[in-house]
Structures are given as C-alpha cells and as structure tokens.
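The working numbering numbers the first residue of the sequence shown as 1073 and each following residue consecutively.
Cβ atoms here follow ideal geometry from the backbone N, Cα and C, with glycine treated the same way.
This structure is a prediction, so every number in the text was calculated from the model and none was measured.
Single-structure report; data block below.
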Amino acid sequence: MAAQPTANPGVRLGWKAPGALASPPRLALSRSAAAPLASHSLSILPNILLYFQKQHTNAKKCLYRVGRGKFSAAAITTDDYLPMRSTEVKNRTSVDGIKSLRLITAVKTPYLPDGRFDLEAYDSLINTQINGGAEGVIVGGTTGEGHLMSWDEHIMLIGHTVNCFGTNIKVIGNTGSNSTREAIHASEQGFAVGMHAALHVNPYYGKTSTAGLISHFDEVLPMGPTIIYNVPSRTGQDIPPAVIEALSSYPNMAGVKECVGHERVKCYTDKGITIWSGNDDECHDSRWKYGATGVISVTSNLVPGLMRSLMFEGENAALNEKLLPLMKWLFSEPNPIGLNTALAQLGVVRPVFRRPYAPLSLEKRTEFVRIVEAIGRENFVGQKEVRVLDDDDFVLISRY
1073 MAAQPTANPG VRLGWKAPGA LASPPRLALS RSAAAPLASH SLSILPNILL YFQKQHTNAK
1133 KCLYRVGRGK FSAAAITTDD YLPMRSTEVK NRTSVDGIKS LRLITAVKTP YLPDGRFDLE
1193 AYDSLINTQI NGGAEGVIVG GTTGEGHLMS WDEHIMLIGH TVNCFGTNIK VIGNTGSNST
1253 REAIHASEQG FAVGMHAALH VNPYYGKTST AGLISHFDEV LPMGPTIIYN VPSRTGQDIP
1313 PAVIEALSSY PNMAGVKECV GHERVKCYTD KGITIWSGND DECHDSRWKY GATGVISVTS
1373 NLVPGLMRSL MFEGENAALN EKLLPLMKWL FSEPNPIGLN TALAQLGVVR PVFRRPYAPL
1433 SLEKRTEFVR IVEAIGRENF VGQKEVRVLD DDDFVLISRY
C-alpha cells in the first residue's frame, strides 16, 4: 500500500483528474480542540457560506462581502437559493416527515489523494441515492467517518449536502458527541446550515448513568427533529428502554436507530415509538415482522434500488437471502472498511483511505467481485467494470 503521497499524489492511482471542484479550505481546528465551537456565535458559518457560493454554479446569485461580517442587501432576494437556510425553511421539515422515512443511507465520504473531500464523487453518490429511491442520508455518521473529520469539515459537508440536495432528500447530520457541550454546539451549527434532523449517539467511552443519558438528550432534543442512535458495540453502553421511553414524549423525538436486535425493536414499536433497524442483515425481518419503520443502511450505498425494494415492497425472503452474502462481506471488518473497499473497486470513488482505516485483504477484495457477479453488476452503483484492486492501488492518508 502506498504511503501518504507528497508531490502529485494522484499519479500513483492511475486516475485522470476529473476536474473536481476545489475542496474546502484546510482548517487547523481538531475535533477535540473545538474552540470556535465553544461559543454560540457560529463563527465559521460565514466562511462556509462563502466557500460554497464560490464553488457551485447552481446558486441563482452569490452574496459578496461589503464589509466585515456584512453582505450587500441588494444581492439578496426572497427567492435566492442560499446555502444557509433560515429557521423558517428548516422548520418546514416536521418530525413526522422524518418518522415516515423507510430507507435512509448512511452515506460514505470520499476523498481526494491528499485526503480532502472529493465533492464531485460525493455529489455523484448522493445523486445515485436519490435516483435509487433513498429518502434520506446520514451525513458524517460512522459510515461517513465523521469521527475522522474536524467539526469545521463536518458542518461544511452538512451545509453542502443541504445546499445541493436538500429539496430532494432529507439530510440528517450526525452531530452527536460524548460531550454534551460539543453535541449542543454541533447541532446548533447543523440546524443553522439547514439539516432536516440530527442523529445523536449516547456518550461513549466515558459513559454515564441513566439519569445522565436523559439529561444529555434533554439538552439536544429542543433544537430540532432528532434520531437517537443505540449501538452498544461501538459506544460500550446500551441505551436502556427506560431512557427511550422517557424521551419518547418529547416533540422533537423522531425515533431510534436500534442495533440491539429484533426483540428490542418490537419492544419499542409495540409502544408506538418509531424505529429504524441499524443492522442491514436484520432489517428485512425488523421491517416486516417486528414493526420497524425502515432501515438506516450501509448496504444501500452499493445497491440502493434493491434496498428500497426490501423496505417498500413487502416481505421478500428471496431478495433478502440474495443480499445477505454482501451484507456479511461488508461487515467482515469494522464498518466502513468494507464499504470503502467496495466503492473503490466499483470505480465510483478513489481508493483513498483516511487512517486508521485500511482496505480489506486481497482475498476479500476478490470475493467482492464474485458477490457482485452473483447479484448482478447492473444492480450496483457506478458504470465501470468491477475489478480487484492491488495493494499498491490504495493510498492511506495520515495528514490532511
């Protein structure tokens, strides 16, 4: 595998530069040292606004600075297509509008050879999700590697997704944190740039008590529609039903992404709580036998149309069985390692990994080609022939 590139790193990949949009400015703020996020001033938002106005030609008009922190009033009209949505626009998405979603894709974040976001590839992925029938996307979740982003990058990507696609798909920003303070500030910024809902995990690693969990979610729920994410295998702590039941009466509580299993799903759906399966290999039965509304899926990055059929068209044990080998393969190593490898071999993203992630083994990469052939290449995203990449085709980035 290639070490981190220095000069002209893209040459190693054999890729032709597709004329990608310039990427966001590289900002020094780390996720753990989020000083600008410590105030309520949303100080990075003007820079985010200006960046996306310069990069995208689909906006009807641009805003131009006329003084420090000021914009020309003449440049703004009521029907301008603005990257930063107002409270009124944000609030057009009701909690019920989130509760009704059946297929939500936890979308991958692709990278350029220097480790920055590949927005051209990202936009193509989102368009593919829209065309494939996904109703929502999780931006910067576990699959999207939000934990490897600075908060500046994170909020920029949420704003970009809303600006370009927010009228065609629901944008759910992962603004959760093990720090209540960070979760509050990130959610404020996410809703300020227009996300339709927030995804919040319970505080991980340090953990907390049952009372602490309720207190944590109590601080973020007032901000807007919220999905709570229970994934004990990653956080080290299960969110007990007593906590979810206590929070279920909150007006902004949209539901739970639940990874514990069918019985937990049934426990909640019997009480009228909206649940999305967080396990692709269980989502068919969770949906049709245990009352789940749908799935928040990794597999739909690859086969959105088939996953839509699985969630919308009634019980289909044959299709579920057909997809299980792919799902098993995707999670043979911790997510998103399998997905990153698969999308690279399908030719829809560059084979660039932010460390500590590294591609699956050559044996697994070869197995993926056989899985694609069994399901049918036409069912997968992208147009290129699937191929087995060599170790040297991958670029692993540590500094970006």
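Backbone secondary structure at H1268 - three-state DSSP: Numbered from its first residue, the sequence shown carries residue 1268 at position 196. If DSSP states are grouped into helix, strand and coil, H1268 belongs with coil.
Nonlocal neighbours in the same chain, by C-beta distance under 6 angstroms from D1462, ignoring five residues either side: Stepping through the sequence shown from its first residue, residue 1462 is reached at position 390. Same-chain partners within the cutoff: there are none.
In or out: T1129 buried (at least 16 other Cβ within 10 Å) or exposed? The sequence position of residue 1129 within the sequence shown is 57, counting from 1. With a pLDDT of 42 at T1129, under the threshold of 50, the predicted position of this residue should be treated as unreliable, though the coordinate-derived value follows. It is exposed - the Cβ of T1129 has fewer than 16 other Cβ atoms within 10 Å.
Closest by CA to L1197, which one among Y1183, V1453, Q1261, N1351? Walking along the sequence shown from the start, residue 1197 turns up at place 125. Closest option to L1197, Cα to Cα, is V1453.
When we look at the beta-carbon of L1434 and count the other beta-carbons within 10 Å, is it buried (16 or more) or exposed? In the sequence shown, the residue the question calls residue 1434 occupies position 362. Its Cβ having fewer than 16 others within 10 Å, L1434 is exposed.
Per DSSP, the bridge partner or partners of G1308: Position 236 of the sequence shown holds residue 1308. Answer is none; G1308 lacks a bridge partner.
Who are Y1340's beta bridge partners in DSSP? Start at 1 with the first residue of the sequence shown, and residue 1340 comes out as number 268. None; Y1340 has no bridge partner.
Quick check: the Cα distance between G1386 and W1401, rounded to an integer number of angstroms? Residue 1386 sits at position 314 when you count from the first residue of the sequence shown. Residue 1401 sits at position 329 when you count from the first residue of the sequence shown. One C-alpha to the other measures close to 25 angstroms.
Residues in the same chain with beta-carbon distance under 6 angstroms from K1255, minus the five sequence neighbours each way, listed in chain order, please. Residue 1255 sits at position 183 when you count from the first residue of the sequence shown. Reading off the sequence, residue 1255 comes out as Ala, not Lys. Counting only Cβ-Cβ distances below 6 angstroms, and skipping sequence neighbours, we find G1248, S1249, V1292.
Could you check how far apart the C-beta atoms of V1424 and L1184 are, in whole angstroms? I think they sit under 8 angstroms. On the sequence shown, residue 1424 is found 352 positions in, with the first residue counted as 1. On the sequence shown, residue 1184 is found 112 positions in, with the first residue counted as 1. Right, their Cβ atoms sit about 7 angstroms apart.
Taking T1307 as the reference, give the member of S1369, V1332, V1179, P1297 with the closest Cα. The residue given as residue 1307 occupies position 235 in the sequence shown. Of S1369, V1332, V1179, P1297, the residue nearest in Cα terms is V1332.
Determine the burial state of K1343: buried for a count of at least 16 other Cβ atoms within 10 Å of its Cβ, exposed for fewer. Translated into the one-based positions of the sequence shown, residue 1343 becomes position 271. K1343 should be labelled exposed.
So, I1176 versus G1208, is the Cβ gap smaller than 9 angstroms? Position 104 of the sequence shown holds residue 1176. Position 136 of the sequence shown holds residue 1208. The Cβ atoms of I1176 and G1208 sit closer than 9 angstroms to each other.
Give the secondary structure of E1160 by DSSP, where H, G and I count as helix, E and B as strand, and everything else as coil. Residue 1160 sits at position 88 when you count from the first residue of the sequence shown. Low local confidence applies: a pLDDT of 45 at E1160 is under 50, so the model's placement there is unreliable, and no value is given.
Three or more beta-carbon pairs under 8 angstroms between the stretch 1188-1207 and the stretch 1164-1171, yes or no? no
Please list the terminal residues of the continuous beta strand (DSSP E) segment that includes S1369. Taking the first residue of the sequence shown as position 1, residue 1369 is located at position 297. If you look at S1369, you'll find it in the beta strand (DSSP E) that goes 1366-1369.
Is it buried or exposed, G1212, if we count other Cβ atoms within 10 angstroms and call 16 or more buried? The count along the sequence shown starts at 1 and reaches residue 1212 at position 140. Only buried fits G1212, as 16 or more other CB atoms lie within 10 angstroms of its CB.
Look up M1325 in the DSSP assignment and give the residues it is bridged to. One-based indexing of the sequence shown puts residue 1325 at position 253. Under the DSSP definition of a beta bridge, M1325 partners with T1298.
Between S1349 and V1375, which are expected to be in contact by the criterion C-beta below 8 angstroms, what is the C-beta distance as a whole number of angstroms? On the sequence shown, position 277 is the one that residue 1349 refers to. On the sequence shown, position 303 is the one that residue 1375 refers to. That pair is no contact at about 16 angstroms.
Environment of A1416 [buried if 16+ CB atoms lie within 10 Å]: Mapped onto the sequence shown, residue 1416 falls at position 344. The residue in question, A1416, is buried, as its Cβ has 16 or more Cβ neighbours within 10 Å.
Please determine if the stretch 1179-1195 and the stretch 1407-1416 are in contact, where contact requires at least 3 C-beta pairs separated by less than 8 angstroms. Yes, the stretch 1179-1195 touches the stretch 1407-1416.
To the nearest angstrom, report how far apart V1265 and P1294 are at their CA atoms. To locate residue 1265, count along the sequence shown from 1; it is residue 193. To locate residue 1294, count along the sequence shown from 1; it is residue 222. The alpha-carbon atoms of V1265 and P1294 are separated by roughly 17 angstroms.
Own chain, CB closer than 6 angstroms to K1456, minus 5 neighbours either side, in chain order: The residue given as residue 1456 occupies position 384 in the sequence shown. Cβ neighbours of K1456 beyond the five flanking positions: G1419.
Based on the DSSP secondary-structure assignment, which residues constitute the bridge partners of L1175? Stepping through the sequence shown from its first residue, residue 1175 is reached at position 103. According to DSSP, L1175 bridges with V1367.
Are the CB atoms of L1382 and R1359 within a distance shorter than 9 angstroms? Here the question's residue 1359 lines up with position 287 in the sequence shown. Here the question's residue 1382 lines up with position 310 in the sequence shown. Yes, these two residues count as a Cβ contact at 9 angstroms.
Neighbour-count burial assignment, G1238, 16 or more Cβ in a 10 Å radius: Along the sequence shown, read from residue 1 onward, the residue named residue 1238 stands at position 166. Buried, by the Cβ-count rule.
Give the straight-line distance between the Cα atoms of E1192 and S1372, rounded to the nearest whole angstrom. In the sequence shown, residue 1192 corresponds to position 120, counting from 1. In the sequence shown, residue 1372 corresponds to position 300, counting from 1. If you draw a straight line from the Cα of E1192 to the Cα of S1372, it comes to about 19 angstroms.
If we ignore side chains and look at the alpha-carbon of each, how far apart do T1233 and Q1261 end up? Counted from its first residue, the sequence shown places residue 1233 at position 161. Counted from its first residue, the sequence shown places residue 1261 at position 189. Using only the alpha carbons, I get a separation of about 14 angstroms.
Which residues in the same chain have their Cβ closer than 7 angstroms to the Cβ of P1275, if we skip the five residues on either side of it in sequence? Looking up residue 1275 in the sequence shown gives position 203. If we look at P1275 and ignore the five residues flanking it on each side, its Cβ neighbours are N1250, H1288.
Measuring straight from C-alpha to C-alpha, what distance separates T1214 and P1304? Within the sequence shown, residue 1214 is the residue found at index 142, counting from 1. Within the sequence shown, residue 1304 is the residue found at index 232, counting from 1. Roughly 13 angstroms separates the two Cα atoms.
Go to I1244, then tell me how far its beta strand (DSSP E) extends in each direction, as first and last residue. Numbered from 1 along the sequence shown, position 172 holds the residue referred to as residue 1244. Looking at the DSSP string, the run of the beta strand (DSSP E) that includes I1244 is 1242-1246.
When we look at the beta-carbon of H1352 and count the other beta-carbons within 10 Å, is it buried (16 or more) or exposed? Walking along the sequence shown from the start, residue 1352 turns up at place 280. It is worth fixing the name first, because residue 1352 is Asp in this sequence and not His. Result: buried.
Could you pull the start and end residues of the alpha helix (DSSP H) that V1315 belongs to? By one-based count along the sequence shown, residue 1315 stands at place 243. V1315 -> alpha helix (DSSP H) spans 1313-1319.
Taking a contact to mean a Cβ-Cβ separation below 9 angstroms, would you say Y1340 touches P1313 in this structure? As a first step, residue 1340 must be located in the sequence shown, where it is residue number 268. As a first step, residue 1313 must be located in the sequence shown, where it is residue number 241. A contact, by the Cβ cut-off of 9 angstroms.
Ordered along the chain, which non-local residues of its own chain (more than five positions away) have a Cβ less than 6 angstroms from that of S1320? Mapped onto the sequence shown, residue 1320 falls at position 248. Cβ within range, chain order: I1345.
Bridge partners of F1425, per DSSP? Indexing the sequence shown from 1 puts residue 1425 at position 353. Paired residue(s): L1468.
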